[in-house]
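Take 32 as the starting number for the sequence shown in the working numbering and just add one per residue.
Each residue gets a CB set at the ideal place from its N, CA and C atoms; glycine is no exception.
Below is one structure; the comments refer to it alone.
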Amino acid sequence: MRIFLLAPFAVVLAACSHVPGRVPAGARASLAVLETTDLHANVLGYDYYKLAPDASLGLERTATLIRQARREFPNSLLLDNGDTIQGTALGDYQALVAPVGCDQPLAIHKAMNALGFEGGSVGNHEFNWGLGFLGQVTASDFGADGTPARAKPCAGPAFPIVLANVVSAQTGKPLFAPYRILDKRISAAGPDGKPVQSTVRVGIIGFTTPAIMGWDQRWLEGRVRTEGWREAAERYIPEMRARGAEVVVAISHGGLDGAAYAPSMENGSWHLAQVPGIDAMLLGHSHDVFPNAASKAAGFNLPGVDKAQGRVHGVPAVMPGLWGKHLGVIQLSLRHDGQRWVADAGAARVETHSIQRPDRSFVEPDPEIAKLVKAEHEATIAYVKTPIGATDFRMSAYFADVGDVSAIQVVNQAQADYVRRHVQANLPQYAGLPVLSVSAPFKTGAAGAADYTDVAAGSMALNNAADLYLYPNDLHAVKIDGAGLKAWLERAAGRFNQIDPARSEPQELVNTVFPGFNFDMLTDADVRYQIDVTQPVGRRIKSLAWRGQPVRPEQEFIVATNNFRASGGGGFPGLDGSKTIFASPDNNRAVLIDYLKKVRQVTRAANGSARSWSFAPVKTSGPVVFRSAPGKLALAREAGLGFVRELSADGQYEIVLEGG
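Next comes the structure, spelled out in structure tokens:
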């Protein structure tokens, strides 16, 4: 099979000998560091949940951007940030349904190998299926408890993977090489303007969020431990420089958080950038696009962050969103001082390239990618068509932000049913406590108008369950009191902006910086509460009641949720893993599938209309607006949301809070 798009480059591991060329002082060159991040197994532009092509995503279209960038920048280095192998039904299929063999790389790695990726790091979702699977598909031997020893390496990525801050609890050594030094051949210009061929030694070092220890505790506890962002960088970057790295690129799977530094913090890139010796930073995890001069994201507006030029404490930095929608580019300006190449941070140019053109069309996919993964793609489609039941109503998240529970209630019912049965059988000390469940609308348009859960009425298959529950979380149950339940819901109500009733100008209801997957809600006929969006965050939950009586601060409940939330994901007060009374071996999606198989026929009356919450009524002087996919008003009506009206054909809606 033909290998395509493989740019001419020479990569030599640090252990190999290096023969420097004769480069005169004053010679100049540029090196474009290209980044993908959070690909989440989106090899192709295809939505396995809707069983339809989706031109707005996929590495097959990023491949076209890579080809264009390599033409524009003859000296380039292609790197990946992580969260690469999980996120689509294709990823699930290769990990859980028909696990890929040791002799075959994952579909995403097939494509990356053919595209000539030269290095990468590890995201939090790489750990979702355990160390054994991760070790296999990355051709790694971790030397950690629970990972099988292999006589020979398995197939995997044809590029080095680096990770400095996750180490084996058994050996104390990093799971992956903490860094690698790549000898990169480049074309340069001497001080006289004449062409010069040279080699620049590029060190790449990887970091991932330490939050993995909570999110994937089931797989990682006792087997690995994490080290702090700054501590790992301060240990290894001087060593990289001593071993000859002329340019250091930090691949950081974490966003920007200006909170006081803690080694275990989820998003440590703002602090990492302050460690001396980093010439460029590749960011990920938070699914944002950086630089972005118009962004209101809190992390992009911190001191020391230049959201227009792409700098974090002066370090050139880029984050190309998610799902292959963008390619990050840091064009480094290099100058030779007679001994080594030196990067000029001030002269660097940072930008992202989008697969969507200004006219809203999309670049063409590289056809070779689809050929490479044809068998895996077709097998995944066949699998997700497996029937599991039927529904008499359309289950969607288009109006979940304003109260439609059609895509959420059945998830809560499945989780509560599972936990209730387990408690009765195995935890008699908690048998008298009410069992509640929270879930969130995972797909709420963050990646565009097609990014909503949408399950049509009629027969249901596995792909529909995957649409209803997007992530491979494990089901957890926590015991909390009434004060903790209210605090949980207060945090979730951060999904909304504070509305000023006296303002006559339009006000946006939804705080798009607050992700939809953190908008946890109850959908239980026994529970009622209101969200008062005229109040500041933390003072919005009103009239919280259970079975018609106000919830008392000391009243105890069991709440079914997922491992991400139970262990502290999303920053919910009091949820740090200590309140977990049951960590299920089953993931939430499998629990949902089993429930749908048992119920067989899902109805709106029984499974899609128990709306526990509503907006506290308020009269506003001006319109309160929000965005969803255009032309969906009929779904709001079917869900009983008569207080919603459509304002424009581009997906702007108005909500009348008096009836909310």
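* Cα-Cα separation between Arg-658 and Gly-275, rounded to whole angstroms -> Indexing the sequence shown from 1 puts residue 658 at position 627. Indexing the sequence shown from 1 puts residue 275 at position 244. Their Cα atoms are separated by approximately 52 Å.
* Asked: Would the beta-carbon of Val-373 fall within 8 Å of that of Arg-366?
  -> Taking the sequence shown and counting its residues from 1, the one referred to as residue 373 is at position 342. Taking the sequence shown and counting its residues from 1, the one referred to as residue 366 is at position 335. Yes. Within cutoff.
* Asked: By Cβ distance, which residues of its chain are closer than 6 Å to Arg-371, with the 5 residues on each side in sequence left out?
  -> Taking the sequence shown and counting its residues from 1, one reaches residue 371 at position 340. Excluding positions up to five away in sequence, the list reads Glu-277.
* Just to confirm, are Met-244 and Ala-281 a CB contact at a threshold of 8 Å? -> Counted from its first residue, the sequence shown places residue 244 at position 213. Counted from its first residue, the sequence shown places residue 281 at position 250. No, the Cβ-Cβ distance between Met-244 and Ala-281 is not below 8 Å.
* How many Å lie between Leu-520 and Asp-551 at the Cα? -> For the purposes of this step, residue 520 is taken as residue 489 along the sequence shown, with counting starting at 1. For the purposes of this step, residue 551 is taken as residue 520 along the sequence shown, with counting starting at 1. Their backbone Cα atoms lie some 7 Å apart in a straight line.
* **Distance, Gly-369 Cα to Ala-126 Cα** => Counting from one through the sequence shown, the residue named residue 126 turns up at place 95. Counting from one through the sequence shown, the residue named residue 369 turns up at place 338. If you take the alpha carbons of Ala-126 and Gly-369, they lie about 50 Å apart.
* What number of angstroms, rounded off, separates the C-alpha of Tyr-79 from the C-alpha of Asp-482? -> As a position in the sequence shown, residue 79 is number 48, starting the count at 1. As a position in the sequence shown, residue 482 is number 451, starting the count at 1. So the two alpha carbons sit approximately 12 Å from each other.
* To do: State yes or no: is the C-beta of Asn-549 nearer than 7 Å to some heavy atom of the ligand ADP?
  => With respect to the ligand ADP, the structure shown offers nothing to examine, as it has no ligands at all.
* **One or two residues paired with Ser-756 in a DSSP bridge** => Here the chain comprises residues numbered 32 to 691, so residue 756 is not present and cannot be evaluated.
* Kindly indicate which three-state DSSP category Val-95 falls into: helix, strand or coil? => On the sequence shown, position 64 is the one that residue 95 refers to. A small correction: the amino acid at residue 95 is Thr; Val does not occupy that position in the sequence shown. Reduced to three states, the DSSP call for Thr-95 is helix.
* Asked: What residue does the alpha helix (DSSP H) around Val-442 start on, and which one ends it?
  -> By 1-based counting over the sequence shown, the position of residue 442 is 411. Per DSSP, Val-442 belongs to the alpha helix (DSSP H) from 440 to 457.
* In angstroms with no decimal places, state the Cα-to-Cα distance between Leu-672 and His-384. => Numbered from 1 along the sequence shown, position 641 holds the residue referred to as residue 672. Numbered from 1 along the sequence shown, position 353 holds the residue referred to as residue 384. Looking at the two C-alpha atoms, the distance is approximately 39 Å.
* **CB contact below 8 Å: Ser-643 versus chain D** => This model lacks chain D altogether; it includes just one protein chain.
* Taking Leu-251 as the reference, which of Ile-116, Asn-159, Ser-317 has the closest Cα? -> Numbered from 1 along the sequence shown, position 220 holds the residue referred to as residue 251. Per the Cα distances, Asn-159.
* Asked: Who are the Cβ neighbours of Glu-585 in its own chain at under 6 Å, not counting the five residues just before and after it?
  -> In the sequence shown, counting from the first residue as 1, residue 585 sits at position 554. Same-chain partners within the cutoff: Asp-512.
* Asked: Should the region 375 to 395 be called in touch with the region 142 to 158, which here means at least 3 C-beta pairs below 8 Å?
  -> no
* To do: Answer yes if the region 219 to 236 comes into contact with the region 52 to 60, meaning at least three C-beta pairs across the two stretches below 8 Å, and no otherwise.
  => yes
* If you drop the 5 nearest sequence neighbours on each side, which residues of the same chain put their C-beta closer than 8 Å to that of Ala-142? -> Walking along the sequence shown from the start, residue 142 turns up at place 111. Val-74, Leu-90, Glu-91, Ala-94, Ile-400, Leu-403, Val-404.
* **Option nearest Gly-515 by Cα separation, candidates Ala-496, Ile-572, Asp-555, Ala-492** => Here residue 515 corresponds to residue number 484 of the sequence shown, with the count starting at 1. That would be Ile-572, whose Cα lies nearest to the Cα of Gly-515.
* For Tyr-267, the first and last residue of its enclosing alpha helix (DSSP H) -> To locate residue 267, count along the sequence shown from 1; it is residue 236. 260 to 273 is the extent of the alpha helix (DSSP H) around Tyr-267.
* Looking only at its own chain, which residues have a Cβ that is under 7 Å from the Cβ of Ala-556, when we skip the five neighbours before and after it? -> Numbered from 1 along the sequence shown, position 525 holds the residue referred to as residue 556. Same-chain partners within the cutoff: Ala-641.
* Alpha carbon to alpha carbon, what distance is there between Pro-648 and Thr-239? -> Here residue 239 is taken as the residue at index 208 of the sequence shown, counted from 1. Here residue 648 is taken as the residue at index 617 of the sequence shown, counted from 1. Their backbone Cα atoms lie some 44 Å apart in a straight line.
* **Cβ neighbour criterion (16 or more within 10 Å) applied to Thr-634** => For the purposes of this step, residue 634 is taken as residue 603 along the sequence shown, with counting starting at 1. Classification of Thr-634: exposed, given that the 10 Å Cβ count is below 16.
* Test item: CB-CB of Pro-465 and Trp-577 under 8 Å -> To locate residue 465, count along the sequence shown from 1; it is residue 434. To locate residue 577, count along the sequence shown from 1; it is residue 546. Yes, Cβ-Cβ distance for Pro-465 and Trp-577 is below 8 Å.
* Per DSSP, Trp-695 is paired with what? -> Residue 695 lies beyond the residue range present for the chain, which begins at 32 and ends at 691; the question has no answer from this structure.
* Asked: Taking three-plus beta-carbon pairs below 8 Å as touching, is the region 460 to 477 in contact with the region 662 to 679?
  -> no
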